[in-house]
Amino acid sequence: MNEILQALILGIVQGLTELLPISSSAHLNLIPWIFNWDIPASFDVALHFGTLLAIVLFFFKDWLKLIEGGYNQVVKKKASFEGKMFWYLVAATIPGGAIGFLLDHFIGDSLGKMPLLIATALIVMGVILYLVDKNAPDKTDYKNMTFKQTFLIGFSQALAFIPGVSRSGVTMTTGRLMGVDRESTAKYSFLLSTPIVFGATLYKFKDFVLNIPFFVGVLASFIVGIIVIKFLLEYLKKGSFKIFAIYRVILGLLIIGLYVIR
């Protein structure tokens, strides 16, 4: 029963934190550290699979159009926005995926066991997110993003190997830095996460333990993920990333305080 409850809590946390720019890796490493839970490293990827399903379902029509457009652009030589964006996403995924694979091979999960590193990353990226978002102009939207913008956003994913940086956080920050409006940079960040998380799921699948806690965690992260995607896209039509930046800094300071006390 304890394992099922732990899986439920971590699944809810994953659904909330993976898609908001507040770092799921930080939360999934910190919660077991705080409560002394023994969670296998592969369970982190299993929970990401739940949010992957949420993204695929939410953007299912978008992905169908993107894949069809990408196919038509190469095979039928028929240009379209969807075809262009599909190949932009492919190109943008390569550097982040390659670097992430190498870092996982040589570093593994060791950084997740460093609370002070996680706290520092939360604070530093929170400040950067706030400053960039506050001062960045809205120069372009999703349908007018350039190859340079999409590629640099994808390349920035490599920094997410540091727990606390946040894949969505660093890609949304880079998108804002490149002049992409908030809603568009969030949508592109969600789409961009799909191939990376899918690849990680396949790579780690052999380590999954397909028991009740596994399915509880995946289902929880899936349901909460759907809700969070809808919320964030609506919120960013008028709101900013300020609240998430503040949360990151506060959480980072709390972790440092707890570390010192311990």
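In terms of the numbering used here, the sequence shown opens at residue 2 and continues consecutively. For each residue, glycine too, the CB sits at the ideal point set by N, CA and C. Given the structure is predicted, the values throughout are model-derived calculations rather than measurements.
Endpoints, alpha helix (DSSP H) assigned at Asp63: 61-76
Any contact of the segment 169-185 with the segment 231-251, i.e. 3+ C-beta pairs under 8 Å? yes
Taking a contact to mean a Cβ-Cβ separation below 8 Å, would you say Phe82 touches Ile68 in this structure? no
For Thr202, three-class secondary structure by DSSP: helix
In this structure, what does DSSP give as the bridge partners for Thr147? Looking at the DSSP assignment, Thr147 forms no beta bridge with any residue, so it has no partner.
As a quick exercise: from Tyr248, Ser241, Phe209, Leu252, pick the residue whose alpha carbon is nearest that of Ile40. Between Ile40 and the set Tyr248, Ser241, Phe209, Leu252, the nearest pair of CA atoms involves Phe209.
What is the residue span of the alpha helix (DSSP H) that Arg263 lies within? Counting along the chain, Arg263 falls outside any alpha helix (DSSP H), and DSSP gives it neither H nor E.
Pick out whichever of Ala159, Phe245, Asn37 has its Cα sitting closest to the Cα of Ile129. Phe245
Alpha carbons only, please: which of Pro164, Thr147, Thr172 is nearest the one belonging to Gly155? Thr172
Mind checking who Val181 pairs with in its DSSP beta bridge? Thr141
Identify whether Val225 lies in helix, strand or coil by the three-state DSSP scheme. Three-state result, Val225: helix.
Beta-carbon gap between Ala27 and Pro196 smaller than 8 Å: For the 8 Å CB-CB criterion, Ala27 and Pro196 do not form a contact.
Which of helix, strand or coil does DSSP assign to Glu83? Helix.
So, Ser241 versus Asp142, is the Cβ gap smaller than 8 Å? no
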